[in-house]
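Take the position in the sequence shown, starting the count at 1, then add 1394; the result is the number in this note's numbering. All C-beta atoms, glycine included, are put in the ideal place defined by N, C-alpha and C.
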Amino acid sequence: MFTGIYGPTKDSLRDQCWLELHDCHSVSDFPWCIMGDFNAIASATEQSSLKGPIGGTRGFRDWISDSGVIEIPLSNKKFTWSNLRDAPTLSKIDRYFVDLSWKDFFPLARLEGLSRIV
């Protein structure tokens, strides 16, 4: 099963999003892959600037832990988003998670970031 996500930007909607993702996974026995823009970081190290951090960190970490998903790491970039300012804020909000049964089917899966073309 593949799930694509564009996570909410409002803090008030994030907890509901994590609940819905948990429910989505719990109703299926199929291997699961979920990827997209979660609009959340799992720790402060996933953002280059401490001013204006993205919310939802704790709930996002809890969802990762409770869902039993593992992240397929991005091989060639630390961050996936920029506000494109002169002194940009960078963060890692785009991710690729799978459950263990999906990983068994596709053990060589990897994620590589593409260059930004403006």
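Exercise. Who does ILE1399 pair with in a DSSP beta bridge?
Worked result: Per DSSP, the beta-bridge partners of ILE1399 are GLY1430.
Exercise. Relative to the C-alpha of PHE1473, which residue among ARG1408, LYS1497 and ASN1433 is closest?
Worked result: Of the listed residues, the one whose Cα sits closest to PHE1473 is ASN1433.
Exercise. Does DSSP put SER1529 in a helix, in a strand, or in coil?
Worked result: Residue 1529 falls outside the range modelled here, since the chain spans only 1395 to 1512, and no answer is possible.
Exercise. Taking DSSP as the reference, what is the three-state secondary structure of SER1476?
Worked result: strand
For this session: Using beta-carbon positions only, say whether ASP1431 and GLY1401 come within less than 8 Å of one another.
Result: It is a contact, given that the beta carbons lie within the stated cut-off.
Exercise. Taking the continuous alpha helix (DSSP H) assigned at THR1439, which residues delimit it?
Worked result: Run containing THR1439: none; DSSP gives neither H nor E here.
For this session: Taking all protein chains shown into account, decide if ASP1417 is buried (16 or more other Cβ within 10 angstroms of its Cβ) or exposed.
Result: exposed
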